[in-house]
Ligand code: BDR
Ligand code: CA
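Numbering (full-length UniProt numbering), first residue to last: 7 to 323.
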């Protein structure tokens, strides 16, 4: 199995990602680290511990990370993810405490201890990852790739042009993009398209198995489902799509393109500027002192393939 670590802000669709990662036989989920985003970091830790318990994986190490973005003030996404960050579906409290080390320490330890290079999957603001890269840059030698949910080629969600995870901590995203490791951007353009049909959501909700039932309830909250047309019970898998892209990279179509984050104050702040011009010449990769880094940007996704992949893994138990 592929060794992976998820850095998340659980979060309705982060929970869908955790369920998938725990259950897919091709993945070895070595740790989960938590960061403020969809809700405050203590809420994220609680939600993450509970979801792992319900998924039948109560032993995976979980650590608390950054409570605030690097520069931005704290902001809440309660209007999307509910008061508890989990759609207020009445989840029980976890029965264990998080690790007694912080997220950056756990990330360093697990990355360097892994016998095979680790794939990092951030599905949240990139604060923990930026702190890790700045505190322990040596970790990059044992990182295979960073597949992050964030950014957008076309339209934003937090603002007209900025996606929430990047907008929440733009400086952290800029640090990630200059990490010098292979990066895949699973942005809003694909994130919003992977939607589970209502009939499947109903089946999950009726399941006797707690993990599958939780997936059904979370999908019903429809955090990542902007427009489902006639099927009002369909629900997007959101962040879980980034984990699908690690298991099955052929399910997305990517192009290696220069990406930079707008750090300027004002209406573009947090935008990922993706240069899709045909063949930007080598000379354009460096403009003045501003380096633009090449990122594998997901431009298309095989929706049916990812829906099938997701359901097969989650209903496996
Ligand atoms: C991202 O923001 C959060 O609300 C979701 O969990 C996802 O990671 C989408 O913009
Ligand atoms: Ca998230």
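Ideal Cβ positions, reconstructed from N, Cα and C, are used throughout, including at glycine. What you are looking at is a predicted structure, and each value in this text was computed from that prediction instead of being measured.
Opposite residue 40 in the DSSP bridges: which residues?
14 and 70
Between residue 66 and residue 37, is the Cβ-Cβ spacing less than 8 Å?
yes
Reduced DSSP category for residue 132 - H, G, I as helix; E, B as strand; rest coil
coil
Run of the alpha helix (DSSP H) containing residue 89, from where it starts to where it stops
No alpha helix (DSSP H) holds residue 89; DSSP gives it neither H nor E.
Kindly confirm or deny that the region 186 to 197 and the region 155 to 168 touch, where touching means at least three C-beta pairs closer than 8 Å.
yes
Do residue 203 and residue 269 have their CB atoms nearer than 8 Å?
no
Just to confirm the assignment, what range does the beta strand (DSSP E) spanning residue 264 have?
258 to 267
Just verifying my parser: in three-state terms, what is the DSSP assignment at residue 151?
strand
Please determine whether the Cβ atom of residue 175 lies at a distance below 7 Å from any heavy atom of ligand 1.
no
Where does the unbroken alpha helix (DSSP H) through residue 195 begin, and where does it stop?
194 to 197
Outcome for residue 31 when other beta-carbon atoms lying within 10 angstroms are tallied against a minimum of 16
exposed
Taking 8 Å as the threshold (C-beta atoms), are residue 201 and residue 258 in contact?
no
Close-in-space but distant-in-sequence residues of the same chain around residue 274 (CB under 7 Å, 5 per side omitted):
167 and 268
With a threshold of 8 Å on Cβ separation, who are the neighbours of residue 324 within its own chain once the five nearest residues in sequence on each side are excluded?
Lying before the first or after the last residue shown, residue 324 is absent from the chain, which here runs from 7 to 323.
Given a threshold of 16 other Cβ atoms within 10 Å of its Cβ, counted over all protein chains shown, does residue 169 qualify as buried or as exposed?
buried
Quick check: what's the CA-CA separation for residue 108 versus residue 47?
12 Å
Report the residue from 72, 160, 246 and 54 whose alpha carbon sits nearest the alpha carbon of residue 97.
54
Check: residue 163 C-beta below 7 Å from any heavy atom of ligand 2
no
Proximity to residue 115 [Cα-Cα], best of 88, 130, 209 and 143
143
Can you tell me whether residue 263 is buried or exposed, with buried defined as 16 or more other CB within 10 angstroms of its CB?
buried
Measure the alpha-carbon distance for residue 289 versus residue 213 and round it to whole angstroms.
A caution first: residue 289 carries a pLDDT of 48, below 50, which makes its placement in the model too unreliable to give a value.
Cβ-based neighbour list, residue 301, same chain, cut-off 6 Å, excluding 5 preceding and 5 following:
189, 191 and 265
Which value, in whole angstroms, describes the spacing of the CA atoms of residue 306 and residue 255?
11 Å
Spatially closest choice to residue 73 from 93, 19, 130 and 18, by CA coordinates
130
Proximity to residue 227 [Cα-Cα], best of 121, 17, 12 and 11:
17
Taking the straight line between their C-alpha atoms, what separation do you get for residue 218 and residue 61?
8 Å
Terminal residues of the continuous alpha helix (DSSP H) containing residue 111?
109 to 119
Going by the CB atoms, is the gap between residue 41 and residue 20 shorter than 8 Å?
no
Coarse secondary structure for residue 190, derived from DSSP in three states:
strand
Residue 97 - DSSP class collapsed to helix/strand/coil:
coil
Any heavy atom of ligand 1 closer than 7 Å to the CB of residue 169?
yes
Can you name the start and end residues of the beta strand (DSSP E) that residue 300 belongs to?
299 to 307
Take the Cβ of residue 295 as the centre, count every other Cβ of all protein chains shown within 10 Å, and call the residue buried at 16 or more, exposed below.
Here residue 295 scores only 43 on pLDDT, less than 50, and its place in the model should not be relied on; the value that follows carries that caveat. It is exposed - the Cβ of residue 295 has fewer than 16 other Cβ atoms within 10 Å.
Is the Cβ-Cβ distance between residue 10 and residue 24 less than 8 Å?
no
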